[in-house]
Amino acid sequence: MIILPTGVTGFFDSQSGEPPLTDLSLFQKLCYSIAAESGGRVLAFESVDVSTNFAYARIKWNGDELFVLLNDHYPYLAMADAIGFGGISFVDRMLLREAFSPYYSVLEAGELNTPIKPPMIQHLNRAERAQISYWKPKTVGEVVFHYWD
165 MIILPTGVTG FFDSQSGEPP LTDLSLFQKL CYSIAAESGG RVLAFESVDV STNFAYARIK
225 WNGDELFVLL NDHYPYLAMA DAIGFGGISF VDRMLLREAF SPYYSVLEAG ELNTPIKPPM
285 IQHLNRAERA QISYWKPKTV GEVVFHYWD
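In terms of my numbering, the sequence shown has 191 at position 27, counting the first letter as 1, and numbering is strictly consecutive.
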């Protein structure tokens with residue numbers, strides 16, 4: 165069972181302080197490099213904005229479009245075949261998992277689609293728990309990679 169660390173959502177309060185930040189420039193470089201080495205190409209790269217807690221690369225790979233997501237605060241990486249305000253469709257791609265795993269904790273679709281249980285969010289700060297109460301995410305993936313503002 166995954167236990168989510170304080171700050172994974174990006175929300176914080178005065179007691180918990182600001183969460184750490186991941187190196188998005190390294191992520192961008194890795195996306196371009198790994199895509200090229202595996203026969204794909206990066207179509208777009210989107211940084212974190214006010215409504216997300218993740219950056220992503222949109223990659224054309226094996227004839228399909230794939231999204232590679234990185235949490236802004238912890239080195240949690242995931243892959244999806246669709247992303248949007250209505251949800252994220254997480255997928256597993258073994259070749260890309262192996263390529264990114266020396267740099268990030270690559271979360272599997274099964275982990276991300278796991279329903280949230282209270283012990284998983286016990287370390288989140290008050291601001292994060294308030295956001296969870298408001299947005300009512302159902303899965304781990306909806307907390308680690310979200311469109312909350």
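Heads up, the beta-carbon is just placed ideally off N, CA and C, and yes, glycines get one too.
Is it buried or exposed, residue i, if we count other Cβ atoms within 10 angstroms and call 16 or more buried?
i	result
residue 167	exposed
residue 203	exposed
residue 183	buried
residue 165	exposed
residue 194	buried
Roughly how many angstroms lie between the CA atoms of residue i and residue j, to the nearest whole one?
i	j	result
residue 215	residue 251	13 angstroms
residue 271	residue 210	20 angstroms
residue 296	residue 256	26 angstroms
residue 228	residue 196	16 angstroms
residue 238	residue 171	8 angstroms
residue 269	residue 313	25 angstroms
residue 246	residue 267	23 angstroms
Report, in whole angstroms, the separation of the C-beta atoms of residue i and residue j, which I expect to be a contact under 8 angstroms.
i	j	result
residue 309	residue 249	Not confirmed; about 12 angstroms, so no contact.
residue 302	residue 279	6 angstroms
Touch test, the region 286 to 299 against the region 169 to 180, Cβ-Cβ under 8 angstroms, three pairs minimum: These segments touch.
In chain order, each beta strand (DSSP E) run of at least 3 residues that lies wholly inside the region 250 to 282: Runs of the beta strand (DSSP E) lying entirely within the region 250 to 282, each at least 3 residues long, are 251 to 255 in chain order.
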